[in-house]
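Reviewing the structure listed below.
Residue numbers (our numbering): 17 to 553.
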C-alpha cells in the first residue's frame with residue numbers, strides 16, 4: 017500500500033471546459049476523447065509522483081508531496097493535451113487549480129479546508145489555464161521548476177470563503193498565457209459544492225496504490241463535515257459506491273453505471289415522470305406541480321421552473337427544451353435554457369377522445385418535433401424553427417384495435433410510436449407509417465444499441481424490436497410494472513414501477529445484468545452526464 021503524502025501536501029484539481037459541448041459535437045467519439053484525456057494526464061501525474069485520489073467523469077483530483085511536482089505535472093499535462101490529435105480536430109481545454117496546505121492525514125483520510133479551496137480555485141480557471149493559491153506560491157517561488165513563472169492575478173473572492181484569495185497563474189513555454197479574469201464565484205467543476213453529499217455517501221476504506229483508478233467521488237470519499245467549521249473528511253479507497261443513499265418519493269435517483277450504485281437522490285417536484293438530458297442539465301417533468309425541475313449534474317441540485325400549463329411530454333433538441341400538454345388542449349411550449357423562459361409555440365388541432373384528459377408525448381429529431389397523443393390516431397410533425405405544422409401523419413391502429421400506449425422516440429433511422437400490441441414506424445423521409453406487431457399492453461419506448469426497446473407495464477417485459485427487420489425479436493423478463501426505459505453506457509435501463517427497482521439489461525446477451533433496488537415508484541429513465549437518472553414518485 018502506498019503511503020499518502022503527509023505534512024505539507026499539494027492538491028491538484030482538473031476539469032474539462034465545455035465537456036457538454038464536446039459530447040454533443042462528437043457523440044460516440046467523445047468516449048475516445050475522454051479515454052485519451054485520462055491517459056495523457058495520468059502519465060503526467062505518475063511521472064511527477066502524484067497520488068490519484070479520484071477521477072469522476074472528466075475531472076481529476078491528485079495529491080503531491082511537493083508543490084514543484086504538482087506544477088511540473090500540470091505543465092506537462094497541458095502540453096500533452098495541446099499536442100494531441102483529437103477527434104474531428106476539436107480543441108480540448110482543461111482548467112487546473114493547485115492549492116497547498118497541511119491537512120490531517122492518516123492511513124485512510126485527509127481532513128481540512130484545503131480540499132474545498134483547491135476545488136474552488138480550479139473552478140475559477142479557464143480551459144488551458146493553471147491557477148495557484150497564495151499558499152502554493154509561497155512554497156514554490158524559491159524552487160520553481162525551470163521555465164516556469166508565476167503571474168500575480170490579484171485578490172479574488174472564492175465561493176463559501178470569507179477571505180479573498182490571491183491567485184497566481186502559472187506561465188510556461190507552450191502554454192496559453194492570455195485569459196479573461198478568473199471565474200470566481202462560479203461552481204464549475206465536478207468537485208465543487210458537494211461536500212455534504214460526500215460526507216453522507218462515502219465510507220472509510222484502505223487507500224490503494226497511487227494512480228490506480230478510484231471509484232467515483234461520491235463513492236470513494238467519506239467524511240464528517242463539521243457544520244460550524246466546515247471541515248471535510250476525505251476517506252480514500254474502496255466503498256459501496258454510495259449504495260446506501262436513501263431515495264425518497266418525489267426525487268431523482270442518480271445511478272453510477274460503473275458500479276450500479278445509487279450515489280445521490282435529488283429532490284424535485286411532486287409526481288416526477290419524464291426525464292431528459294441536454295443543454296448541460298437534467299430536466300424532469302413534475303405533473304402534479306405543473307413544473308419542470310432543472311438539475312445541475314455537477315452541483316447535484318435542482319431549481320423549479322413554472323410552466324403555466326400541465327405538461328405531459330418532454331424533449332430536448334435544437335438548443336431548446338420542449339413541452340407538450342395533453343387533451344383536451346394539445347399545446348407545444350418552448351423553454352430557452354439560457355433564461356428558463358417558457359413560451360407557447362403552437363396549438364395542435366384537437367384529436368381527442370371525448371375531450372378526455374389523456375397525455376401527449378413529444379420527441380425531437382430530423383430537425384422536427386414529433387408529437388402524438390395516447391388516444392390520437394396521428395403523429396404531428398412540426399418544424400422546430402418556424403413552428404409550422406409540416407404534416408399530420410395518420411397512424412394505423414394497434415393490432416387489437418385500441419390505440420392506447422405512451423411514448424414516441426426518434427432513432428435508428430425512424431420515428432417510433434407506441435401503440436397497444438404494436439409499435440408504429442414512421443419514415444421521416446416520406447412521413448409514411450407502418451405497424452410492427454409487439455404483444456404488449458402499455459409501456460414507454462426508447463432507441464439505441466441498434467434496436468428499439470419498449471416495455472410492457474402489465475407483464476414486466478422489455479421488448480426488443482429489430483429496426484432493420486421490422487419485427488419484435490426478443491422479450492426479456494425484467495421487473496413488475498416495467499415502465500420507463502433508457503439506453504446508454506452500453507446497457508438498456510428499465511424502471512420497474514411496481515417492483516421499485518431498475519433493471520440493467522445487457523443488449524448483447526439480451527439478459528438482465530443487474531437489478532438495482534430503489535424503492536418508491538420508479539418511472540422515467542435517462543442516461544447521460546456520466547450517470548443514469550431515474551424519477552421516483
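Glycine included, each C-beta is placed from N, C-alpha and C at the ideal position.
Euclidean distance between Cα positions of residue i and residue j
i, j, result
"residue 479", "residue 490", "6 Å"
"residue 34", "residue 412", "44 Å"
"residue 526", "residue 103", "32 Å"
"residue 346", "residue 457", "24 Å"
"residue 550", "residue 432", "22 Å"
"residue 169", "residue 118", "24 Å"
"residue 55", "residue 397", "45 Å"
"residue 556", "residue 291", "For the chain, the structure presents residues 17 to 553; residue 556 sits outside this window and is missing."
"residue 10", "residue 283", "In the structure as shown, the chain starts at 17 and stops at 553, and residue 10 therefore has no counterpart that could be examined."
"residue 443", "residue 449", "7 Å"
"residue 309", "residue 472", "27 Å"
"residue 349", "residue 145", "40 Å"
"residue 287", "residue 107", "41 Å"
"residue 165", "residue 186", "6 Å"
"residue 53", "residue 97", "7 Å"
"residue 193", "residue 101", "21 Å"
"residue 277", "residue 167", "43 Å"
"residue 496", "residue 508", "16 Å"
"residue 487", "residue 513", "26 Å"
"residue 502", "residue 423", "12 Å"
"residue 130", "residue 285", "35 Å"
"residue 437", "residue 452", "9 Å"
"residue 537", "residue 319", "22 Å"
"residue 341", "residue 361", "12 Å"
"residue 546", "residue 281", "15 Å"
"residue 39", "residue 46", "5 Å"
"residue 409", "residue 395", "5 Å"
"residue 474", "residue 500", "13 Å"
"residue 530", "residue 543", "16 Å"
"residue 528", "residue 77", "34 Å"
"residue 306", "residue 331", "16 Å"
"residue 279", "residue 532", "12 Å"
"residue 493", "residue 485", "22 Å"
"residue 83", "residue 26", "6 Å"
"residue 9", "residue 135", "Because the chain spans 17 through 553 in this model, residue 9 falls outside it and cannot be assessed."
"residue 454", "residue 483", "13 Å"
"residue 384", "residue 374", "23 Å"
"residue 521", "residue 264", "24 Å"
"residue 510", "residue 147", "43 Å"
Per-residue burial, residue i [other beta carbons within 10 Å of its own, 16 or more giving buried]
i, result
"residue 470", "buried"
"residue 539", "buried"
"residue 327", "buried"
"residue 515", "buried"
"residue 401", "exposed"
"residue 548", "buried"
"residue 132", "buried"
"residue 359", "exposed"
"residue 313", "buried"
"residue 403", "exposed"
"residue 218", "Below a pLDDT of 50, predicted positions are generally treated as unreliable, and residue 218, at 30, falls in that range; the measurement from the model is reported next regardless. Residue 218 is buried by the Cβ-count criterion."
"residue 260", "exposed"
"residue 571", "There is simply no residue 571 to check, as the chain begins at 17 and stops at 553 in what is shown."
"residue 21", "buried"
"residue 466", "exposed"
"residue 85", "buried"
"residue 189", "exposed"
Start-to-end residues for the alpha helix (DSSP H) that takes in residue i
i, result
"residue 195", "Where residue 195 is concerned, there is no enclosing alpha helix (DSSP H), given that its DSSP letter is neither H nor E."
"residue 91", "83-99"
"residue 62", "46-63"
Boundaries of the beta strand (DSSP E) in which residue i is found, first to last residue
i, result
"residue 130", "It is not in any beta strand (DSSP E) - residue 130 instead sits in the alpha helix (DSSP H) that spans 130-140."
"residue 31", "25-32"
"residue 264", "First-last for residue 264: undefined, no H or E at that position."
"residue 153", "Note, residue 153: premise wrong, no beta strand (DSSP E); alpha helix (DSSP H) at 150-156."
"residue 443", "438-443"
"residue 143", "Segment: none, residue 143 is in no beta strand (DSSP E) and carries neither H nor E."
"residue 104", "Taken as a continuous stretch (DSSP letters only), residue 104 belongs to no beta strand (DSSP E), as it is neither H nor E."
"residue 390", "Looking at the DSSP string, residue 390 is not in any beta strand (DSSP E), and its letter there is neither H nor E."
C-beta neighbour in chain D for residue i, strict 8 Å
i, result
"residue 276", "In the structure shown, chain D cannot be found, because there is only a single protein chain."
Check: residue i C-beta below 7 Å from any heavy atom of the ligand ADP
i, result
"residue 146", "Although the ligand ADP was asked about, the structure shown includes no ligands whatsoever."
| message | With three or more beta-carbon pairs closer than 8 Å as the criterion, would you say the stretch 133-144 touches the stretch 169-180? | response | yes
| Which full runs of the beta strand (DSSP E) of 3+ residues lie inside the stretch 456-536, going along the chain? | 461-464, 467-472, 477-482, 487-493, 498-504, 507-512, 517-522, 527-533
| field | Three CB pairs or more closer than 8 Å across the stretch 54-62 and the stretch 155-167 | value | no
| Segment contact flag, the stretch 346-365 with the stretch 295-312, C-beta cutoff 8 Å, min 3 pairs | yes
| said: Please give me, in chain order, every unbroken run of the alpha helix (DSSP H) with length at least 4 that falls completely inside the stretch 259-341. | reply: none
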